[in-house]
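According to my numbering, the sequence shown is numbered sequentially starting from -14. For glycine and all other residues, C-beta sits at the position ideal for the given N, C-alpha and C.
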Amino acid sequence: MLLPLAKDALAALQQADPALSAVVSAGTILHAAGKAAIAVVKKGARLITYLIARREETRPAPSPPLTITRPHVAILVDINRRMLQDVARYLDEQNLDADLLVVTNDPAYSDKVKFLDPGNPREWTELVQEFTATMNTIKHQLGGAQVHIFLSTPLPLAFGLGAVWSTVDLATVYHYQEIKSENRSTYYPAMRISRELRQ
């Protein structure tokens, strides 16, 4: 079950010392207790990427580098809304055994979202460039894992991220929508990214 893992990780990230978040580097393990092990995969000037994996109770705390070990990996590009628990709940409902990668512009992953400045195009461009570097780092860890992408970003940023992702890299992209008849929201697999999109 991913939801307890996500709750543990969220609490750990939000309780981490903000000064610690500013000085961590790739490979740093921030948390290795409870259900979650959290490591920094990549840290740039504008984005930080956390890998959240299950901590096996029978094994000692992981040592760097923490790597992707599950058959699925969910990449959460989390800028506009904290979505970790919603994604974990959805993956549980779908019985997908996944590691979680959270790409965010808030190292503390706090409740207070850091919105992008619409008057600063450079910030948006830098985020896309850092996303490219992050994905290049992640690709070396993916192995045969199936990639699931969940976006909580402004539309122009999503467009930029898609432009650098390319159709060579296979993934499923999800859409979050309310189900009015059930008074809840969930994700839907909206698009399979593959070379066939170019035809």
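Nearest-angstrom Cα distance between K27 and H160?
-> 25 angstroms
Indicate the three-state DSSP secondary structure (helix, strand or coil) for M120 in the structure shown.
-> Helix.
Spatial neighbours of L51 in its chain, beta-carbon cut-off 7 angstroms, leaving aside the 5 residues before and after | Only I14, A22, A24, L36 and A38 meet the Cβ criterion.
Inter-residue Cα distance where the pair is V149 and Q0 = 33 angstroms
Could you round the C-beta distance between L69 and L81 to whole angstroms and report it? I think they count as a contact, below 8 angstroms.
-> That belief does not hold up - the Cβ atoms of L69 and L81 are roughly 15 angstroms apart, past 8 angstroms.
Straight-line CA distance for Q162 to P106?
-> 28 angstroms
Would you check if the distance between the CB atom of G29 and the CB atom of E115 is smaller than 7 angstroms?
-> A contact, by the Cβ cut-off of 7 angstroms.
Whole angstroms is fine: what's the gap from A(-9)'s alpha carbon to L182's?
-> 33 angstroms
Any idea which residues DSSP pairs T89 with across the strands?
-> I33 and D63
Please list the segments of the beta strand (DSSP E) lying wholly inside the stretch 120 to 144, counting only runs of 3 or more residues, in order along the chain.
-> When DSSP assignments are scanned along the stretch 120 to 144, the uninterrupted stretches of beta strand (DSSP E) that are 3 or more residues long and fall wholly within it turn out to be 131 to 137.
Below 6 angstroms CB to CB, which residues in the same chain sit around Y173 once its five sequence neighbours on both sides are set aside?
-> H160
Report the rounded CA-to-CA distance for S10 versus R169, giving the unit in angstroms.
-> Each residue's alpha carbon lies about 38 angstroms from the other.
D(-7) to A73 span [Cα, whole Å] | 12 angstroms
Where does the unbroken beta strand (DSSP E) through K28 begin, and where does it stop?
-> A21 to K28
For L(-5), which residues of its own chain have a beta-carbon under 6 angstroms away from its beta-carbon, when the five flanking residues on both sides are left out?
-> L69
Would you tell me roughly how many angstroms separate the C-alpha atoms of V88 and L112, rounded to the nearest one?
-> CA-CA distance, V88 to L112, rounds to 10 angstroms.
Selection from G104, T138 and H125 that minimises the alpha carbon distance to I64 = T138
Where does Y94 sit, in a helix, a strand or coil, going by DSSP?
-> coil
Distance between A93 and V8 (C-alpha atoms, nearest Å) = 12 angstroms
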